[in-house]
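Just so you know, the protein sequences line up as chains A and B, in that order.
End of the first sequence = 1126 in this note's numbering, gap-free, step of one.
End of the second sequence = 1513 in this note's numbering, gap-free, step of one.
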Amino acid sequence: MKLKLTWLLTLIMVFSIQLSSAQVSTVSGKILDNSGLPLPGVTIIVNGTKRGVVSDFDGNYSLAAKTGDVLKMSFIGMKTQMINVGKSSTINVTMTEDLESLDAVVVTGYQNVERELFTGASQTIKAAEIKLDAVPDVTRSLEGRAAGVSVQNVTGTFGAAPRITIRGSSSILGDTKPIWVVDGAIQEEIVDISFQDLVAGDINSLLSSALAGLNANDIESFEILRDASASAQYGARALNGVVVITTKSGKRNQKPTFSYVSEYAVRAIPKYNQYNLLNSQETMSIYRQLASEQVGQITNTGVVNGRNGGVYNLLYNSLGPDEQGNFNVSNTPEGRARFLQQYELANTDWFKELFRSTPTQTHTMSFSGGGEKSTTYASVGYFTDAGWTIADRVRRLTGNLRNSYYFGENDKFKVTSQVVASIRNQKAPGTFNRESDQFFGSFNREFDVNPFNYGLTTSRAIRPRDNDGNLEFVRNNWAPFNILQETKNNSVELNVTDVRFQGQLDYKINDNLEYSFLGTARYANSISNHSSTEFSNVANAYRADGNTIIRDANTFLFQDPEFPNSSPRVVLPSGGILRNSRNTITTYTFRNSFEFKKRYNNDLHGLTVYGGQEYRHTDRSSAFNTGYGYQFSRGGTVFTDPDILRKAILEGDDYFGDQETRNREVTFFANTTYDYDKKYILNLSGNYEGSNRAGKSDGTRWLPTYTASGRWNIHKENFINNGGVINNLVFRGSYGLSALIANTASNNEAIFRNQVTDRGVISDRENAIDIEDLQNTELTWEKQTEYNLGLDIGLFGNRIAMNVDAYYRDGKDLIDFLTTSGIGGESIKLGNFSSLVTKGVEFQLNTVNITSDNFKWNSGFNVSLLNQEITELQQEPNVFDLITGGQFGNVVGFAPNSLFSFDFQGLDEDGFPTFELPEGGIDFQSTDDPLSYLKNEGPTLPTLTGGFANNFKYKNFDFSFFVSFSAGNKIRLDPSYSSDYSDLSVFPTEFVNRWLTPGDENITNIPVIPSTQLIQQRGVTDSRRTFNAYNYSTERIADGDFIRMKNITLGYSLDKDIVKKLGMNRFRLSLQTTNPFLIYSDDKLAGQDPEFIRSGGVSFPITTLYTFTLNVGF
Amino acid sequence: MNITMKNKNFIKLNIIMILLVFTSCDDILDESPDNRTEIDSLDKISELLVNAYPQALYAPFLEPMSDNADDKSFSADQTDLNDFMYDWRDFFDDDEDTPTNYWNEVYEAISQANQALASLDELGETNVNQRGEALLCRAYGHYMLVNVFAKAYDPSTASSNLGIPYVTAPETTLLPKYSRNTIKEVYDNIRADLVEGLKYLGNDLNYSEPKFHFTTKAANAFASRFYLTVGEWDNVIKHSNIALGSGSGVENIRDYENDYRLAGLSYSERSFRFTSSIEPANLLLIVAESLYDRSHFRLRYQLSGDLARDLFFRGNAAGLRWSEGVFGQDLFYNVPKYDEYFRTTNQAAGIGNAYVQAPVLTTDETMFNRAEAYAMQGKLQLAVDDLNTLLSVKSQDYTSDDALSIDNVNANFSIDPEFYSPFYDISADALPMINVILSTKRAVHYNEGLRWFDVKRHNIEVVHERDITPSVSETLVLSKGDNRRALQIPTEAQSRGIMPNIR
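Here is the structure:
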């Protein structure tokens, strides 16, 4: 037995030796993606060890492993595979896409958190899925895509931001824009402007988009952090939500790929049949009425000496002899009629004259690659737009270089450096700032040359050229005006340089602890030159002194107050006006953070602790200088009459200036996540933020914010094990406090502002210091507590994925105006007095409808509903703010900036509009209980927004369309009515139905064209106010609801085999149309875009784009 | 082990770094967010005081309440302010030229003065001109408010009647509670500030634009007005003397005859000079946002033809024609005293703010004050001398033969003893003198708002006629002691807990 046993043992030993000699020592193979192409960059680890490699450019790998080992193969976006090593030393693997893990990581800008552990409400959007080709500003592509995010393209001009709000506006007076975070650092706008400034169409609005310098092709993804928990680390700045943008980067062990994308877009030219305006013939018939004796609004003297004049001004100027002494127009009724007939037939298509269809071009070349120890992404982009109109043009050059290096044992160190730069050159119509005239209730902008506005507000009976083809001039500000001439001689040239450097260090101290440092420096500089040359109407208005009537009326002439008896004279005898302005922003961000991550007790308990500190530093400066007498045609020599400076100084018009603002913010943050078996997750976050907004005062300098949130991954429970129908079922809940230190008030200590006294005589003036704001030791941050409940459902392997989030936001201590007793010395103060409640629901549904080898169809749908109500307020809004939905037009019980109207009560027996009015009549500045007679129309912010996307793929073709919709808000129709019209006025078609004779008030609501006699009788001021009130009445309101076909794309990709033979890895052609048509909008809008707010200046509407895109990769 | 040791050091290093950042970040956060300034020098306190003068007019609402207003009937321009004030109704709009605006602006000026005083204390500066100026500004502001928004001063009721809140420190919270002091408390405070402030004044060189500040003369002119209100005649004379200088003072008062009429000034040149810093009679000028220059001449309740005749065309006490020119016709009779300065905010659109500059303390008024005090003291010759000095430069072709004597006055200016009823008694001897002084003062200071203060001080009954229809008119009477002599506290202040005046 003994022997036998020995033998057996020997045998076993032999066998075992044999066995071990049969074990493989190296495993190698190729990894392919599901289309059969090699997949580089896949991480292969022998499970339970630290041995691992990454697949190379051709998808090949090789590592030491033995039979029985388990290889864990993982790649972002693919299903992680566990493969047992058998006898074969070659293991080829095909990785399959993991629908569930497509957005397996939530990028908060601070941390990358596994989605299954993320407790907040957030949405990841891949840039490629929503990109609007040839639209250079990425923010616009978010319209309708992200639940809870409202994007209104209130202006379509490049550089101007759309109005973006996340879950409504959270502040009443303060900022309502979300913050933009690019690669971890907050991206500030060059100028910080309010929504009202944004829609004013002033030059500054061209700098309002924080992301205008970012190339859309460089963006990888967006992460919308919606609730307080998701945005917790932004604590005191998160009140209005956070959008995190991640730009593209190279991947390790990636074959170098080079890609070129080229986009050509043609824009549609507006057409008059889109807008209901009268043609020249109909317009002339109204002019005839205006010129008739009964009406008398166009009169001989008025036309000859008036500030502005059109057809009749031309007529009266032609009645005299010309230079040769010939009378070209006979001053007989027939002669005059013959002259006017030319204009009657003109029917000028201003859009054709002023718009062009030159395509825009976007070119992006990018390189991406990575080795064992480094990755690179580099791109250069060029966008050029020769101009939609003759008055605008854009060129933008962007560059982006991002490198990462890995070194140290186990790649313990990772260093990333990034340089992003952009240079922008833009031409815009020359514009002066818009002013609101609260007395008459209107907005004014002099010398507006915005072509779109011009097309809609200029009579079609006026011609750009006369019968001989020469430019024909009408009169504007007592000087000759021709739009073609003026756009050439009155323009703004804007140059923006924007550079950002970023460095990041990640250091794995040990398996569980990692230290990160982030440093960013950004410098952006914008210089704008507004040139009004000596040939411009602007300069010529300063020289219009034709006769004493004009001299006395022309406000651009100078009346020397020291000689009270002298007559006004020209003080800009030569040259034009050059107004330079410069805006700069310098920002630094430094961040140190630690992340500790460990699982305990057989991975049952997980703990992540993240904490650190951040410093943000922002300096802005803005300067301007007005140069009078700059001779554009004489090499820029300066020829100034010193009296124009006296005029400017006397009138209190600073002709140069420079202002600075400085923000300093220090944050400490900590965030702890605990999970039990990844089923139950609890997260606590705290943030302690300090700011210099209040200067030296240390009262309320620091603010702590916090959130608590939890998540239950129900699908991991045993009871849910139902055969794979439900693959994801998650319940989330969060509660938290976020805040905003409003820049509207910073008077924790009294604010003293230097000024120079307003005294008529320069030698009487002296320096003064004004208490701009008294001290308010109770001033504090605007705060918001938020409750959020969320449910995520995934069925059939996420072929049907759904999210629902419901939230309740309670905004407290919001800053607003209040009227005091005045005794302290400030009758209107800012204080933390207001409250705002927002409730909302967001729903998303993504489905994979069909997926077969040749045909794929998936859809995405989202809809968000919100309801906002101001619950506390001290401010008393005036009528003008209520009817314009202005910044101060807030009322308890309504959403912020709700729109109110004069309640139209029909026309009276003179054809004048009547309204329900208080005793004393129309007073736009009145704060005396205006709600008792104004009618609430609704909010200006949509209460329902969403989108519906469908993507189809058939063989090599792909097709997609996207519909965005929005509803619940009201829109004010463009103001068209006035008590006095001129021979330049333009009229909407409903004018043909206007009140003409007594009795018409029973059949029409279109007011009369009043005679001058009637205006005198009823008072000039009262008449003007009455007609302006009509512009802001219940008659002039429309629903903002719309359904818009946002874009349609048809693409064709060449077969992979062919592409490969051509030496490429991608070749795709596509045609896209953006904003092709509105499926639904209120008929009353009659061509007015429901998103666009027309204000002239530099603002242009969004337009239909037809884009051809070529996308190749090597 | 080695590695973990390193880690520990690393963590330590970081903790130290973070602590360093933490301790230094309070310094970082001290950075001023914009170009605001700090009050850290005497010069800056002086600049604070530039704005310690009320930037508002009172004439637009006080003039129509006084007997200087009469109905020009329907063809003239009507504004709510002018209309309400004419029949002493409460008016609560807060636009420029209204009582509420005046209330707000005066308190704003007071807050600048209080800040200056607080800053002086912080800097440890006591005996400086700035302290004097600040105290004078505070006293002046409260004096004007109590005279507009409370009943006339009367020592017998001053401690029971409500004045206005007397504010002595900068406001530090959003909505502190204020309440009205009694009239006595307000006057005691004014007196204290005035007496204390006068001690520090004296360095007029301190001012770069002295006409816009409390120079010694201006401060004493204010003191003269204050003591006139409380009926302390010695003090009136004492302070008037300082303000007017030695001699007759004729070279310091407004010379309508030589500097205006005979100099051939046009309308706009007259109004320019009237409000100018070169006019020696102007002791203190203020600049207010106001539209009054555009309206005063055409308002309905203003200088009607009848009133123009009574006040001006019939000649003055010396029996001579006034040198002070009345311009315009019928609906537009007016004296050029306002000159608008338009500060544009948008040159192209011609939009901006309108300002007027107005003298609020003058040598003319001070001389009238002194004359009244002399009369009250029975020094009638001194009183009539002052009156003659005034008339000598305000009458056309005045010669010494035109001088009034006490007998003239007694003969021609006697009046019903009930007409003037201040809190003190006017002797029968002094009454005609008081009457001629106040009547002359009324014409000289026409449309400056000062008449209302005399109406109030002397408890003069005001009778206003008003057309209801072209053929029917009504008579409105503001009787003696009428509660409406105290303008109503603005509604905003009422709603913040300030007691309204009795109606």
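Ideal Cβ positions, reconstructed from N, Cα and C, are used throughout, including at glycine.
Treat the numbers as computed from the prediction; the structure is a model and nothing was measured.
Interface partners of residue i on chain B, CB under 7 Å
| i | result |
| --- | --- |
| K841 (chain A) | L1184 |
| T831 (chain A) | E1502 |
Minimum Cβ-Cβ distance from residue i to chain B less than 8 Å
| i | result |
| --- | --- |
| Q571 (chain A) | no |
| E884 (chain A) | no |
| G837 (chain A) | yes |
| S579 (chain A) | no |
| S1107 (chain A) | no |
| P576 (chain A) | yes |
Residue i - containing beta strand (DSSP E), residue span
| i | result |
| --- | --- |
| I1114 (chain A) | Element bounds for I1114 (chain A): n/a, residue is neither H nor E. |
| E526 (chain A) | L525 to S544 |
| V406 (chain A) | R405 to F419 |
Within-8 Å CB hit, residue i to chain A
| i | result |
| --- | --- |
| I1361 (chain B) | yes |
| E1041 (chain B) | yes |
| Q1122 (chain B) | yes |
| K1054 (chain B) | yes |
| S1449 (chain B) | no |
Close Cβ partners of residue i (< 6 Å) along its chain, the five nearest in sequence each way excluded
| i | result |
| --- | --- |
| S1083 (chain B) | D1477 |
| N963 (chain A) | N870 and S972 |
| T188 (chain A) | T177, S181 and N252 |
| V511 (chain A) | A433 and Y535 |
| Y389 (chain A) | K260, S261, G262, S380 and R414 |
| L20 (chain A) | With a pLDDT of 44 at L20 (chain A), under the threshold of 50, the modelled position of that residue is not reliable, and no figure is offered here. |
| H1468 (chain B) | Y1430 and P1432 |
Same chain only: Cβ atoms within 7 Å of residue i, ignoring 5 sequence neighbours per side
| i | result |
| --- | --- |
| S913 (chain A) | I895, L946, K947, E949, Y1044, S1045, T1046 and I1049 |
| D687 (chain A) | L129, G618 and I693 |
| D935 (chain A) | V891 |
| K143 (chain A) | S153 and A228 |
Boundaries of the alpha helix (DSSP H) in which residue i is found, first to last residue
| i | result |
| --- | --- |
| F1071 (chain B) | A1069 to L1072 |
| M296 (chain A) | S292 to A303 |
| K1451 (chain B) | L1441 to V1454 |
| V891 (chain A) | V891 to T896 |
Interface partners of residue i on chain A, CB under 8 Å
| i | result |
| --- | --- |
| W1113 (chain B) | G834 |
| Q1088 (chain B) | In chain order: nothing, as chain A lies at least about 11 Å away. |
| D1044 (chain B) | Q671, E672, T673 and R674 |
Neighbourhood of residue i by C-beta distance below 8 Å, restricted to the same chain and skipping five residues each side
| i | result |
| --- | --- |
| S1085 (chain B) | L1341 |
| G1212 (chain B) | N1139, G1142 and T1226 |
| D70 (chain A) | K42, P50, P52 and K267 |
Contact set between residue i and chain A, taken where Cβ atoms lie within less than 9 Å
| i | result |
| --- | --- |
| N1061 (chain B) | Q767, T769, A780, I781, D782 and I783 |
| P1175 (chain B) | S833 and I835 |
- Query: Do the region 143-163 of chain A and the region 867-880 of chain A meet, that is, are 3 or more Cβ pairs less than 8 Å apart?
  - Reply: yes
- Do the region 405-416 of chain A and the region 433-450 of chain A touch if we need at least three Cβ pairs shorter than 8 Å? yes
- Contact the region 786-794 of chain A vs the region 1181-1189 of chain B: 3+ CB pairs below 8 Å: Because the criterion of three Cβ pairs below 8 Å is met, the region 786-794 of chain A and the region 1181-1189 of chain B touch.
- Task: Could you say if the region 421-431 of chain A and the region 477-485 of chain A meet the contact criterion of at least three C-beta pairs nearer than 8 Å?
- Result: As far as the Cβ criterion goes, the region 421-431 of chain A does not touch the region 477-485 of chain A, which means the pair count is below three.
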